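J.:
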Amino acid sequence: MTATVPPKAPTFLGLPTAPRGVGHLRGDQSFPDAARGALRDGQLRANLGHATSTIRGKRAKVVDELPDWAQLREAGRALKAATMARLDEHLEELERQVTARGGVVHWARDANEANEIVTRLVQATGTTEVVKVKSMATQEIGLNEALEAAGLDVFETDLAELIVQLGEDKPSHILVPAIHKNRAEIREIFARTIPGVDPDLTDDPRQLAMAARTHLRERFLRARVAVSGANFAVAETGTLTVVESEGNGRMCLTLPETLITVMGIEKVVPTWRDLEVFLQLLPRSSTGERMNPYTSTWAGVTPGDGPQEFHLVLLDNGRTAVLADEVGREALHCIRCSACLNVCPVYERAGGHSYGSVYPGPIGAVLSPMLTGVEDNASLPYASSLCGACYDVCPVAIDIPSILVHLRAEHVEAQERPTAEAVAFRGLSKVMSHPRLWHLAQRASRLGRLIARGRPTLPNALPPPVSGWTRSRDLPTPPKETFVESWVREHGS
Amino acid sequence: MSARDEVLSRVRQALGADRTTPDEVVRDYRQTDGRPAGDPELLELLVDRVEDYRATVLRCSPAEVGATVRAALYQGLGAGWAAGDVVVAPGLAENWRPAGCDVDDDRPAVQLADRAASVTAVAVAIAETGTLVLDGSPACGRRALSLLPDCLVCVVTADQVVGSVPEGLARLDPLRPLTMVSGPSATSDIELQRVEGVHGPRTLLVVLAG
Numbered sequence: 001m002t003a004t005v006p007p008k009a010p011t012f013l014g015l016p017t018a019p020r021g022v023g024h025l026r027g028d029q030s031f032p033d034a035a036r037g038a039l040r041d042g043q044l045r046a047n048l049g050h051a052t053s054t055i056r057g058k059r060a061k062v063v064d065e066l067p068d069w070a071q072l073r074e075a076g077r078a079l080k081a082a083t084m085a086r087l088d089e090h091l092e093e094l095e096r097q098v099t100a101r102g103g104v105v106h107w108a109r110d111a112n113e114a115n116e117i118v119t120r121l122v123q124a125t126g127t128t129e130v131v132k133v134k135s136m137a138t139q140e141i142g143l144n145e146a147l148e149a150a151g152l153d154v155f156e157t158d159l160a161e162l163i164v165q166l167g168e169d170k171p172s173h174i175l176v177p178a179i180h181k182n183r184a185e186i187r188e189i190f191a192r193t194i195p196g197v198d199p200d201l202t203d204d205p206r207q208l209a210m211a212a213r214t215h216l217r218e219r220f221l222r223a224r225v226a227v228s229g230a231n232f233a234v235a236e237t238g239t240l241t242v243v244e245s246e247g248n249g250r251m252c253l254t255l256p257e258t259l260i261t262v263m264g265i266e267k268v269v270p271t272w273r274d275l276e277v278f279l280q281l282l283p284r285s286s287t288g289e290r291m292n293p294y295t296s297t298w299a300g301v302t303p304g305d306g307p308q309e310f311h312l313v314l315l316d317n318g319r320t321a322v323l324a325d326e327v328g329r330e331a332l333h334c335i336r337c338s339a340c341l342n343v344c345p346v347y348e349r350a351g352g353h354s355y356g357s358v359y360p361g362p363i364g365a366v367l368s369p370m371l372t373g374v375e376d377n378a379s380l381p382y383a384s385s386l387c388g389a390c391y392d393v394c395p396v397a398i399d400i401p402s403i404l405v406h407l408r409a410e411h412v413e414a415q416e417r418p419t420a421e422a423v424a425f426r427g428l429s430k431v432m433s434h435p436r437l438w439h440l441a442q443r444a445s446r447l448g449r450l451i452a453r454g455r456p457t458l459p460n461a462l463p464p465p466v467s468g469w470t471r472s473r474d475l476p477t478p479p480k481e482t483f484v485e486s487w488v489r490e491h492g493s
Numbered sequence: 001m002s003a004r005d006e007v008l009s010r011v012r013q014a015l016g017a018d019r020t021t022p023d024e025v026v027r028d029y030r031q032t033d034g035r036p037a038g039d040p041e042l043l044e045l046l047v048d049r050v051e052d053y054r055a056t057v058l059r060c061s062p063a064e065v066g067a068t069v070r071a072a073l074y075q076g077l078g079a080g081w082a083a084g085d086v087v088v089a090p091g092l093a094e095n096w097r098p099a100g101c102d103v104d105d106d107r108p109a110v111q112l113a114d115r116a117a118s119v120t121a122v123a124v125a126i127a128e129t130g131t132l133v134l135d136g137s138p139a140c141g142r143r144a145l146s147l148l149p150d151c152l153v154c155v156v157t158a159d160q161v162v163g164s165v166p167e168g169l170a171r172l173d174p175l176r177p178l179t180m181v182s183g184p185s186a187t188s189d190i191e192l193q194r195v196e197g198v199h200g201p202r203t204l205l206v207v208l209a210g
């Protein structure tokens, strides 16, 4: 087997995007191809439909409870915009503050560099086991694979991440990575993979959670190194924040001697006070709770309490390329609540795996192509009906539909040769500007009635290049007469 | 160029020389609840919200805290509970401690897992979200203390109860290691159904004095 060197990743305005060949931002298939299998999986659709409708209801209830939700949302948006405009200054301040309190700050240009840094830090402790708090950034860079390649054992400790890891599966949701699995499937994974699990384990969620508790308890107590992400990092004080539910985060942040936190550079917020906004927006938008069970904050190292060695890895991996896009940079405001996934009609049907990236759903459809360069995720900006539900629920008011349209335009402009669609629209434009041609074309379209053979829509299996349009869209069978013809018949010319 | 300098230089290049002036951040959301800390209505609200997370609240007068902590331990551990199974924060008020209890010291944190319950004070409680905040002070104890024993008893005094999240955060020191606790540990990872009790304490009891 010969090792292939991946081609150099493309750049945006001269700024490098996330490199190829590492991490989980690119799928093996285009969105429509990947979605086709998911759409045929009735169990998957049932699981997703059930879970997303449950969480939508919970979110709506606790958001409606706050009389000032609109003001909080606008403050969240403005805070993020203001932070991005001075991102370099806030990062330098964060570095100063974390260092002053006994932490060590590392900078990583991309996934490869971040993986190398974390691997080196873990190896320096002399241990071979790492416990992990669920983190999107480390999923994005493929940290687990890198650590395992270096001979280290990595244990995901979030229940859903554990289900995914034990099932040798991939996460399909930002908040609930195993949302595509139902309780019976999870019971089967646990029974098959957890050594010494109670053979009478049922599919009761409480019993399954207890099985995970027992499985991980010893690991937590003997762990010497933990790796986490961060939800927020306060520049003025160097305070890191992890928001979670189960207590696995607290175990990792508290018990080991060494803590390594990997954080995208966009997660910095300027002041402690800013958390008064985000700690109201995030839990209500993500799990639909007034507050998540546990939020941990720490600044550097505290003698006698928690890890005595703290490393913070600040990750770029394409984020500066996103920042360079004046329309798209809003996607960096995302606080990873996943409310947009739960309301998206496309996500609900296609599921998270169809997006091919660790960031699925509407935010993934904008973030992934910008992190990788749009040509590496060219189908994602089209994985949306532009209905706008994602924008309505976004707690920091990211205008996802506008960014989708912006990326579609960028993709079209990048085409060197005209696409079949462009040719078709040029033809249509000519036909529609000549009344005689238009009437002729309308009459000709009635031929479609022959293909339809009495069905309400035309068959999807039409020959190329028409198939490019019809394979993911239903074309209605043309009517017997056009509107103009029926008007003339009923009213005279 | 070092990675640090390169990432910072990329940020500057991305933003351009002529940076757009960001919109002013308008904080016209509710800064305060309107009711002063310890207001009887806030105490009612806190009880409602904490119980909504399926935690238990026991109310008492300031003079009855010690007896109420013992009642909470009885409820959390059962009739056979022994003071030796209970570890308390080193700075917890003497008259709040059950007689004969274990007091946390500088032992390795993992040894706290051998205890059945822990008792701590809190730094602040936020009524609207049912949140207790522990700040690593001697009365609250180190973070592992409120994490490893399976039953956690927190004592809240009325003057510590504020209405809103902004009021709560304003009372805290961001340089201390903080733990915000809203109910017992929980997960919604299986079909988004909430199950209380995963890795953190499965039982949370709150003694509210005043």
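As they're listed, the protein sequences go chains D and G. Heads up: the first sequence begins at 1 in my numbering, then just goes up one per residue. Heads up: the second sequence begins at 1 in my numbering, then just goes up one per residue. For every residue, glycine included, the Cβ atom is placed at its ideal position computed from N, Cα and C. All figures in this text were calculated on a predicted structure; none of them were measured in a lab.
Looking at the structure shown, is D:A108 part of a helix, part of a strand, or coil, going by DSSP?
T.: strand
J.: For my contact list, D:A111 and D:P19 are in at a C-beta cut-off of 8 Å; report their separation, rounded to the angstrom.
T.: 6 Å
J.: May I ask you to list the residues that DSSP assigns as paired with D:W69?
T.: Answer by DSSP bridge pairing: none, since D:W69 is not bridged.
J.: Mind checking G:G141: buried by the 16 CB within 10 Å criterion, or exposed?
T.: buried
J.: If we cut at 7 Å on Cβ distances, does D:L404 have a partner in chain G?
T.: no
J.: Kindly indicate if chain G contains any beta-carbon less than 7 Å away from that of D:R336.
T.: no
J.: Quick one: is D:L332 near chain G, going by C-beta distance under 7 Å?
T.: no
J.: Assign D:H520 to one of three DSSP states: helix, strand, or coil.
T.: This structure leaves residue 520 of chain D out entirely; chain D is present only between 1 and 493.
J.: Can you check which of these residues, D:L447, D:M432, D:V366, is closest to D:E500 by C-alpha distance?
T.: Outside the shown range of chain D, which is 1 to 493, sits residue 500 of chain D, and nothing can be said about it.
J.: 7 Å is my cut-off, CB to CB: does D:E257 come that close to chain G?
T.: With 7 Å as the cut-off, D:E257 does not count as an interface residue toward chain G.
J.: From the DSSP output, in three-state form, read off D:Y347 for me.
T.: helix
J.: Report buried or exposed for D:L428, applying the criterion of at least 16 other Cβ atoms within 10 angstroms of its Cβ.
T.: exposed
J.: Starting from G:A83, trace the alpha helix (DSSP H) in both directions and tell me its first and last residue.
T.: Premise fails: G:A83 is in no alpha helix (DSSP H) and is neither H nor E.
J.: With which residues is G:C154 paired in a DSSP beta bridge?
T.: G:T120, G:V206
J.: Using a Cβ distance threshold of 8 Å, determine whether the stretch 346-365 of chain D contacts the stretch 74-94 of chain D, with at least three qualifying pairs required.
T.: no
J.: Using C-beta distances below 7 Å, list every residue in its chain close to D:L475, excluding the 5 sequence neighbours before and after it, in chain order.
T.: T457, L458
J.: So is D:S357 in contact with chain G if we call contact Cβ pairs under 7 Å?
T.: no
J.: Under the DSSP definition of a beta bridge, which residues are partnered with D:K132?
T.: D:E156, D:V227
J.: Helix, strand or coil for D:Q189? Go by DSSP, reduced to three states.
T.: Rather than Gln, the amino acid found at residue 189 of chain D in this sequence is Ile. The answer is helix: DSSP assigns D:I189 an H, G or I state.
J.: Does any residue of chain A bring its CB to less than 7 Å from the CB of D:E140?
T.: Among the protein chains in the structure shown, which are D and G, there is no chain A.
J.: Evaluate the contact criterion for the stretch 26-40 of chain D versus the stretch 385-394 of chain D: three or more CB pairs, one atom per stretch, below 8 Å.
T.: With the cut-off at 8 Å, the stretch 26-40 of chain D and the stretch 385-394 of chain D do not touch.
J.: Helix or strand or just coil, what does DSSP make of G:E196?
T.: Here G:E196 sits in strand by DSSP.
J.: Per DSSP, G:D102 is paired with what?
T.: G:V87
J.: Would D:K8 count as contacting chain G if we go by Cβ distances under 7 Å?
T.: Its pLDDT being 49, under 50, D:K8 is placed unreliably by the model, and the measurement read from it follows with that caveat. With 7 Å as the cut-off, D:K8 does not count as an interface residue toward chain G.
J.: Curious, which full-length alpha helix (DSSP H) runs of at least 4 residues does the stretch 407-486 of chain D contain?
T.: 420-432, 435-445, 448-452, 467-470
J.: Under 8 Å, CB to CB, which of the residues in the stretch 342-356 of chain D have a partner in chain G?
T.: none
J.: Which value, in whole angstroms, describes the spacing of the CA atoms of G:D114 and G:L148?
T.: 8 Å
J.: Using a C-beta cutoff of 7 Å, does G:P90 count as contacting chain D?
T.: no
J.: What are the residues of the stretch 2-15 of chain G that lie near chain D, defined by any Cβ-Cβ distance shorter than 8 Å?
T.: S2, A3, R4, E6, V7, L8, R10, V11, R12, Q13, A14, L15
J.: In the DSSP assignment, find the unbroken alpha helix (DSSP H) run with D:C252 in it and report its ends.
T.: 248-254
J.: Name the chain D residues that come within less than 9 Å of G:T120, Cβ to Cβ?
T.: Near G:T120 there are no residues of chain D at all, since even the closest Cβ is about 13 Å away, more than 9 Å.
J.: Count the C-beta pairs between the stretch 62-82 of chain D and the stretch 200-216 of chain D that are closer than 8 Å, then say yes if the count reaches three, no if not.
T.: no
J.: DSSP three-state call for D:H173: helix, strand or coil?
T.: coil
J.: Checking contacts by CB at 7 Å: is G:D18 closer than that to chain D?
T.: By this cut-off, G:D18 is not an interface position.
J.: Would you tell me roughly how many angstroms separate the C-alpha atoms of D:T258 and D:S379, rounded to the nearest one?
T.: 41 Å
J.: Does the CB of G:T56 have a neighbour CB from chain D at under 7 Å?
T.: no
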